[in-house]
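Respectively, the protein sequence lines represent chains Z and P.
Note that this note's numbering has the first sequence beginning at 1, numbered continuously upward.
Note that this note's numbering has the second sequence beginning at 1001, numbered continuously upward.
Have a look at the structure below, then the notes.
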Amino acid sequence: MDAIERESLEVDVLFVGAGPASLAGALRLRQLIDAHGGKPLDEISIAVIEKGREVGSHIISGAVMDIGPLAELLPDYAERGAPLESVVTDEDVSYLTATRKLRSPVIPPPLDNHGKYVVSLNKLIRWLGPVVEAAGVDIFPEFPGDQVLLDSDRVLGVRTGDKGVGRDGQPKANFEPGVDILAKVTVFGEGVRGSLVKKLVHRLNLDEGRNPQVYAAGVKEIWELPKGRVKPGAVMHTLGYPLPNDIFGGGFVYGMQNDLLDVGLVVGLDYRDPLTDPHRLFQEFKRHPAIAGMLAGGRMLHYGAKAIPEGGYFSQPKYYGDGFLIIGDSASFLNSQKLKGIHMAMQSGMLAAQAIYEALVAGRYDDTQLQRYEQLVKASSIEQELYEVRNFHQAFEHGRRRGLVESGLQYLTGGRGLRGDLKAEAGHRRVRTLREAYGKTPAGAADVPEPPPPRYDNKLTFDKVTDVYRSGTEHDEDQPPHLHVLDFNVCVERCTREYGNPCQYFCPAAVYEIEPVDGGRRPKINFSNCVHCKTCDIMDPYQIIDWVTPEGGGGPNYINL
Amino acid sequence: MANGILVFIEHADGKVSRASYEAVRAAQLLGAALGQETAAVVLGEGVAGLAAEVAAKKLGRVYTVESEWLKDYTADGYAAALKQVISQAEPALVLMSHTYQVRDFAPKLAAGLRRALVGDCIGYKAEGGAAIFTRQVFQGKLSADVAPAGEAPHFVSFQIGSFRGDEAEAGSAEVRALAVNLDADLVRQLPEARFKEAKAAVDLTQAPLIVAVGRGIKEEKNIEIVRKLAAALGAELAASRPICDNEWLPMDRQIGSSGQTVAPKLYVAVGISGAIQHLVGMKGARTIVAINKDPEAPIFEVADYGIVGDLFEIVPALTAEAEKVKQ
């Protein structure tokens, strides 16, 4: 497969991943070029590649959104019909015990969403894609970035994935080799734990001296409720049940248009118990009387899951270099205290656009020139916002109770808190072994502790495969698995006894199954279930799972999420 | 005055396609019903052998058209050649099998002549000396009778399997060569090497009876007992995903969202829990029988008959009963 003749395509600027960061960046760049005065620029081509079947099919987020950057990018967004669900009309912050809901009498300032909007990011991106295309940006869906093309430390572009490779790795009749897309500047907006950014950061040591990234997993469903019951713009956030004190996270319920309710749970991926299962916790969350009551008589329509980068300021990699920039979630532009990243993603894309525009005018694309992006970020409001919450997530490393106290103190001290700037530990290192968590190392596969088998009623609660079905996920079955497990022996010889194969629990899409065989166990990878959340790549304790892009077009088909 | 039925013969790699004999059979039946002459046409280069093979069927005549332009199939070449054949032979009806090749050139041919084309028919009726063709509409939920109107010839293609090629009557037809004029202006297409189709898959969608096996079977060797039940019922054997993932049965026997979607008369689900991905592939079956040890398995929500119990006891008992009935 190495001697394949590949076509190459030259563009001026390439964005990888058609999310809010890239689309805002590409559009802003086009606007800046169109408004350019002085010595005319040559015709500038801007391309966006996207692994999903369509722009938007892999987009999922809460969300309560600060629409400032959208308004800045497209002042006439309302006339153009931007699909915002509703301005936030009603706010509820509650603490859940197993049976009760205790509503906070005041809205803590960080959770105050006054003036923000409930949106479906999925709908917003499906709307924004054509707007960006109409402005003169080429968007190529079904083209996943497979490799970064490098000349020592300089990024030359991206090689897209081959199409039509069989599960045996051999080309099929419909084989089409990937294309080398060469660009003056390549902008990585792959979202959280981007598969190219991960390798680029490693290769160029972009995370040197930074905290490791920490993550959360968000799992959610869209429900249709009887007419008139959902109040668009009503927002509820919960702490407590079903999460134990030592798990960071909480629930959310957002009212959308057309009787749709967005309900989900965010679970910090720095939990201790190796048997923790975010999807299962989410099902438990829905069983809470306060939530079950809201959902009664409704129907679950859609499901999705994604990881969220929560490390914040100190976990940001160096996000520029020779020939490249990193934007949005890929560069950890997310306020973990407010769990808001869309506005920062868009703004980081727009600041990247400004830096690229200046680079195009100067005709230089090296590290020194592109450092302008960092300067622009540092001078912007997103820098200030990130800096103020720089220690937020770290405060919760010792549990929720202490975290709430510490983060309160941080709020009062401009983010500093009592302990000064805090280090973070990667989630996969924090998870305990079975011996630490359950008192002993199992003697054999038969003694490995397992959570009791869940019972789901298929009305309020659903098993993973049913939820996966509701995510619309599809992959061509006849292709090599895109989840590379580097050494299966580790799974059965070490992981079973040390951690009890947590992959089968942390994956919210039933990709990983451990099948009993002749007294032992055998891992089975149902890669076609994968919803592209990257949790496995993040949480595997041995870091031997490498998530790579599957054949273009594969993955979820998110609607309304 | 146009008269007679002309059958288009498709061939590849020096062999007449099986589907073409289905069209020959249709022509024989229709010719007898309408009292019309039948003929067939073979296009290509060096097709005398193929023509002789076709001439061994009961047909009035077999036309051959030899041209270097027809060496490899192109829509341009076939449409242009058939247009000239039709002007010489003047048939009233041109019958074809609804193959990929026919789908490729027939619309061009019919539109070029401004004649009616009735595609993908499953049968015919002869009424008052004229033929009416039946085709399915609304994804097979309804059948419509279509009488082609306008000037002859009318073009008709039949769905594969609508007639039985092996029932084509033998005979001895006259072979006659026809000349056509083709050139680079008419044949603008340059064919590339033939696309290799994926390996032949089992078409479970046509099976009236299906016995499907799932994870409850536990081990590969146990599949034998389900295979026996399928054999006793004369049913096709199918499976849910885990069975095919383990390669205990080939992938083309998988039912569900990543396999085939079926709607047989009878579907017996053995040891299948009924994940939604499986249900969407079989819930259209007319009668569903489920055997599962878990009374809460979702398969029972769609089953007409549910048996809660150990499949290793139930399946052999069912097999024995089915065999008794057969005897």
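For each residue, glycine too, the CB sits at the ideal point set by N, CA and C.
Which term fits residue i, buried or exposed, when burial requires 16 or more other beta carbons within 10 angstroms of its beta carbon?
{"i": "P/Val-1325", "result": "exposed"}
{"i": "Z/Ala-307", "result": "buried"}
{"i": "Z/Glu-450", "result": "exposed"}
{"i": "Z/Met-1", "result": "Residue placement at Z/Met-1 cannot be trusted, given a pLDDT of 48 that sits under 50; what the coordinates show is reported in the next sentence. Its Cβ having fewer than 16 others within 10 Å, Z/Met-1 is exposed."}
{"i": "Z/Leu-412", "result": "exposed"}
{"i": "P/Ser-1258", "result": "buried"}
{"i": "Z/Tyr-566", "result": "Because chain Z here runs from 1 to 561, residue 566 of chain Z falls outside it and cannot be looked at."}
{"i": "Z/Ile-4", "result": "exposed"}
{"i": "Z/Phe-252", "result": "buried"}
{"i": "Z/Asn-258", "result": "exposed"}
{"i": "Z/Lys-39", "result": "exposed"}
{"i": "P/Asn-1138", "result": "The displayed chain sequence assigns Phe, not Asn, to residue 1138 of chain P. The residue in question, P/Phe-1138, is exposed, as its Cβ has fewer than 16 Cβ neighbours within 10 Å."}
{"i": "P/Gln-1036", "result": "buried"}
{"i": "Z/Gln-369", "result": "buried"}
{"i": "Z/Asp-476", "result": "buried"}
{"i": "Z/Asn-489", "result": "exposed"}
{"i": "Z/Pro-130", "result": "exposed"}
Can you tell me the Cβ-Cβ gap for residue i and residue j, rounded? I've got them flagged as a contact below 8 Å.
{"i": "P/Ser-1017", "j": "P/Val-1102", "result": "P/Ser-1017 to P/Val-1102, Cβ: 10 Å. No contact."}
{"i": "Z/Ser-330", "j": "Z/Gly-189", "result": "6 Å"}
{"i": "P/Ala-1390", "j": "P/Tyr-1021", "result": "Residue numbering for chain P in the displayed model covers 1001 to 1327; residue 1390 of chain P lies beyond these limits and cannot be assessed."}
{"i": "Z/Asp-322", "j": "Z/Val-158", "result": "Between Z/Val-158 and Z/Asp-322 the Cβ distance is about 15 Å, and since that is not below 8 Å, they are no contact."}
{"i": "P/Ala-1290", "j": "P/Ala-1269", "result": "5 Å"}
{"i": "P/Tyr-1152", "j": "P/Leu-1095", "result": "Contrary to the premise, residue 1152 of chain P reads as Ala rather than Tyr in this sequence. Not quite, the Cβ-Cβ distance comes to about 13 Å (not below 8 Å), so this is no contact."}
{"i": "Z/Leu-121", "j": "Z/Ile-60", "result": "7 Å"}
{"i": "Z/Gly-552", "j": "Z/Pro-144", "result": "5 Å"}
{"i": "P/Lys-1265", "j": "P/Arg-1241", "result": "Between P/Arg-1241 and P/Lys-1265 the Cβ distance is about 23 Å, and since that is not below 8 Å, they are no contact."}
{"i": "Z/Val-148", "j": "Z/Leu-200", "result": "5 Å"}
{"i": "P/Gly-1281", "j": "P/Gly-1256", "result": "4 Å"}
{"i": "Z/Asp-90", "j": "Z/Val-235", "result": "7 Å"}
{"i": "Z/Ile-44", "j": "Z/Ile-33", "result": "5 Å"}
{"i": "P/Leu-1030", "j": "P/Ala-1126", "result": "7 Å"}
Taking the alpha-carbon of residue i as reference, which of the options has the nearest alpha-carbon?
{"i": "P/Phe-1155", "options": "P/Ser-1143, P/Arg-1114 and P/Gly-1165", "result": "P/Arg-1114"}
{"i": "Z/Asn-335", "options": "Z/Phe-392, Z/Ile-356 and Z/Val-137", "result": "Z/Phe-392"}
{"i": "Z/Ala-573", "options": "Z/Glu-406, Z/Glu-310 and Z/His-532", "result": "Residue 573 of chain Z is absent from the structure shown; chain Z starts at 1 and stops at 561."}
{"i": "P/Ile-1288", "options": "P/Glu-1296, P/Ile-1272 and P/Asp-1294", "result": "P/Ile-1272"}
{"i": "Z/Leu-561", "options": "Z/Gly-520, Z/Gly-472, Z/Glu-383 and Z/Leu-281", "result": "Z/Gly-472"}
{"i": "Z/Gly-240", "options": "Z/Val-106, Z/Leu-102 and Z/Met-256", "result": "Z/Leu-102"}
{"i": "P/Phe-1105", "options": "P/Lys-1125, P/Arg-1025 and P/Ala-1080", "result": "P/Ala-1080"}
{"i": "Z/Val-531", "options": "Z/Val-548, Z/Ala-135 and Z/Thr-276", "result": "Z/Val-548"}
{"i": "P/Gln-1159", "options": "P/Glu-1321, P/Ala-1322 and P/Gln-1136", "result": "P/Gln-1136"}
{"i": "P/Leu-1178", "options": "P/Ala-1033, P/Glu-1045, P/Thr-1319 and P/Gly-1031", "result": "P/Glu-1045"}
{"i": "P/Gly-1112", "options": "P/Lys-1125, P/Asp-1120, P/Tyr-1078 and P/Ile-1307", "result": "P/Tyr-1078"}
{"i": "Z/His-64", "options": "Z/Arg-100, Z/Asp-146, Z/Gly-52 and Z/Leu-111", "result": "This sequence places Val at residue 64 of chain Z; His is not what is there. Ranking the options by Cα distance to Z/Val-64, first place goes to Z/Leu-111."}
{"i": "Z/Gly-218", "options": "Z/Glu-374, Z/Asn-205, Z/Leu-275 and Z/Phe-282", "result": "Z/Phe-282"}
{"i": "P/Ala-1212", "options": "P/Thr-1099, P/Asp-1252, P/Ala-1116 and P/Leu-1190", "result": "P/Asp-1252"}
{"i": "Z/Asn-174", "options": "Z/Asp-478, Z/Val-517 and Z/Glu-513", "result": "Z/Asp-478"}
{"i": "Z/Lys-184", "options": "Z/Val-361, Z/Pro-481 and Z/Pro-130", "result": "Z/Val-361"}
{"i": "Z/Val-266", "options": "Z/Leu-206, Z/Pro-274, Z/Pro-244 and Z/Ala-443", "result": "Z/Pro-244"}
{"i": "Z/Tyr-303", "options": "Z/Glu-224, Z/Thr-433 and Z/Glu-85", "result": "Z/Glu-224"}
Look up residue i in the DSSP assignment and give the residues it is bridged to.
{"i": "Z/Ser-8", "result": "Z/Asp-180"}
{"i": "Z/Thr-368", "result": "In the DSSP output, where bridge partners are listed per residue, Z/Thr-368 has none listed."}
{"i": "Z/Ile-46", "result": "Z/Val-13"}
{"i": "P/Glu-1236", "result": "P/Ile-1210"}
{"i": "Z/Ala-18", "result": "According to DSSP, Z/Ala-18 bridges with nothing at all."}
{"i": "P/Tyr-1305", "result": "P/Val-1289"}
{"i": "Z/Pro-141", "result": "Z/Glu-50"}
{"i": "Z/Pro-171", "result": "Z/Val-165"}
{"i": "Z/Lys-39", "result": "Paired residue(s): none; Z/Lys-39 is not in a bridge."}
{"i": "Z/Thr-238", "result": "Z/Ser-94 and Z/Gly-251"}
{"i": "P/Met-1143", "result": "Sequence inspection shows Ser at residue 1143 of chain P; the Met mentioned does not correspond to that position. Per DSSP, P/Gln-1136."}
{"i": "Z/Met-300", "result": "Z/Trp-223"}
Write down every uninterrupted run of the alpha helix (DSSP H) in the segment 464–538 of chain Z whose length is 4 residues or greater and which is fully enclosed by it, in chain order. 464–469 and 503–506
Fill in: Runs of alpha helix (DSSP H) wholly within the segment 347–419 of chain Z (minimum 4 residues, chain order)
367–378, 381–388, 392–395 and 400–412
Which whole runs of the alpha helix (DSSP H) in the segment 1042–1069 of chain P are 4 residues long or more, in chain order? 1048–1055
Note down, one range per segment and in chain order, each alpha helix (DSSP H) of at least 4 residues found wholly within the segment 52–119 of chain Z.
-> 68–73
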